[in-house]
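At position 94 of the sequence shown (counting the first as 1) the number is 94 in the UniProt record's numbering, and the numbers step up by one without a gap.
Glycine included, each C-beta is placed from N, C-alpha and C at the ideal position.
A quick note: this is a predicted structure, and the numbers were derived from the prediction, not measured.
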Amino acid sequence: MEKSPEIPGKNIAIISYLTILGAIIALSMNNEPQYRFARIHTRQAFGLHLMFHGFALFSSVWFNQYGLYGLYLCYIVLWVYGFIGALSNKEQIVPIVGPYFQKWFTFIK
Numbered sequence: 001m002e003k004s005p006e007i008p009g010k011n012i013a014i015i016s017y018l019t020i021l022g023a024i025i026a027l028s029m030n031n032e033p034q035y036r037f038a039r040i041h042t043r044q045a046f047g048l049h050l051m052f053h054g055f056a057l058f059s060s061v062w063f064n065q066y067g068l069y070g071l072y073l074c075y076i077v078l079w080v081y082g083f084i085g086a087l088s089n090k091e092q093i094v095p096i097v098g099p100y101f102q103k104w105f106t107f108i109k
């Protein structure tokens with residue numbers, strides 16, 4: 001079996017999906033040199049983590065248990081989609097919210 005070539009910035013992309021702290025660490029790791037692959041996945045992961053924590057805070061104030069179930073399901077599905085994309089060397093963005101993350105988080109270079 002032939003091993004696929006290593007994509008520059010793949011490790012940074014994978015680290016970005018490991019909690020919001022991992023996304024912040026990935027931000028600093030991709031400062032110099034900057035990799036396109038890592039930038040795409042760091043924006044995705046950062047956006048997913050912020051979205052999750054923001055909606056979790058919002059739901060916890062009004063404590064809607066079913067809303068929290070939906071939040072966790074949505075977060076896990078999108079997180080797995082992005083993480084598998086990073087593992088399989090694909091520059092894919094997560095459905096629905098991914099294009100917004102690429103547009104909103106342009107400070108991530």
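| query | result |
| --- | --- |
| Contact check, residue 47 vs residue 105 under 8 angstroms by CB: the rounded distance? | 6 angstroms |
| Does the stretch 77 to 92 come into contact with the stretch 24 to 41, if we say contact requires no fewer than three beta-carbon pairs (one atom in each stretch) closer than 8 angstroms? | yes |
| If I measure Cβ to Cβ from residue 68 and keep anything under 6 angstroms in the same chain, skipping five residues before and after, which residues do I get? | 59 |
| Leaving out five residues on either side along the sequence, give the residues of the same chain with a beta carbon under 7 angstroms from the beta carbon of residue 109. | 34, 39 |
| With H, G and I counted as helix, E and B as strand and the rest as coil, what does DSSP make of residue 59? | helix |
| Pick out the complete alpha helix (DSSP H) segments inside the stretch 11 to 43, 4 residues or longer, and give them in chain order. | 19 to 29 |
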